[in-house]
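Okay, so the sequence shown: first residue is 4 according to the numbering used here, each after it adds one.
C-beta: ideal position from N, C-alpha, C; glycine also.
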Amino acid sequence: MEFITAIERLAREKTCFVGMGNYFKRDDAVGLYIVDAIRERLGAGPVTAMNVEDVIENYVFSIAQGDADNVVIVDAVQAGGEEGSVIFAGLDEFNEMNGNYSTHKLALFLSGKVLAEHDKKTWLLGVEVRDIDFGEGLSDKVKQSADSLRDILLSYINCDQKELVYEH
4 MEFITAIERL AREKTCFVGM GNYFKRDDAV GLYIVDAIRE RLGAGPVTAM NVEDVIENYV
64 FSIAQGDADN VVIVDAVQAG GEEGSVIFAG LDEFNEMNGN YSTHKLALFL SGKVLAEHDK
124 KTWLLGVEVR DIDFGEGLSD KVKQSADSLR DILLSYINCD QKELVYEH
């Protein structure tokens, strides 16, 4: 599913955006950076956003029992792509891959199972990172991608439904 089309659809449905990462491991904080911006500017509507830092397992049951039909996990990835590139697909598709696509793979895998058992459609929106060593601040290309994603997500999440219909 194309990213923009999927985000547009998810913005009209009950969707929870979940930011994962560690503020003190540079690019690993990209998911937190994006979701914190969404949380600050979130208008009324079916979308919610939460920051789980690097312990999604502490929140997974409240997410699973929540009102959202969809969960979009926003996280740093290391899939061998170009720094700042974006990946988006169903979480189950990533769980079938060999290798370490996420900096939090095991927690995501187990959380994905819990969410699936509660009939949640779960997606991974990832940004390819370069530096996850201790430190603060995103690298330039990762920040550029994060800012673009933030703007795209907010434009659809806070968009009036009439605008969504007449835009296309």
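- The three-state reading of DSSP puts Ile76 in strand, counting E and B together.
- Scanning Ser151, Val130, Glu96 for the CA closest to the CA of Arg29 turns up Val130.
- Under DSSP, Gly115 shares a beta bridge with no residue.
- Assignment of Phe91 by DSSP, reduced to helix, strand and coil, places it in the strand class.
- Listed in chain order, the non-local C-beta contacts of Ala149 below 7 Å within the same chain comprise Val33, Tyr36, Ile37, Val130, Leu141, local neighbours out to five positions each way being set aside.
- Annotation for Ala52: Cys19, Phe20, Val21, Gly22, Val38, Ile41, Arg42, Leu45 place their beta carbon closer than 8 Å to its own, counting only its chain and skipping 5 residues before and after.
- In the DSSP annotation of this structure, the continuous segment of the beta strand (DSSP E) that includes Ala52 starts and ends at 50–56.
- Secondary structure note for Lys144: its alpha helix (DSSP H) is the uninterrupted segment 143–160.
- Here DSSP, grouped into helix, strand and coil, assigns Val132 to coil.
- Tyr159 and Ile10 do touch by the CB rule: their CB atoms are close to 5 Å apart, below 8 Å.
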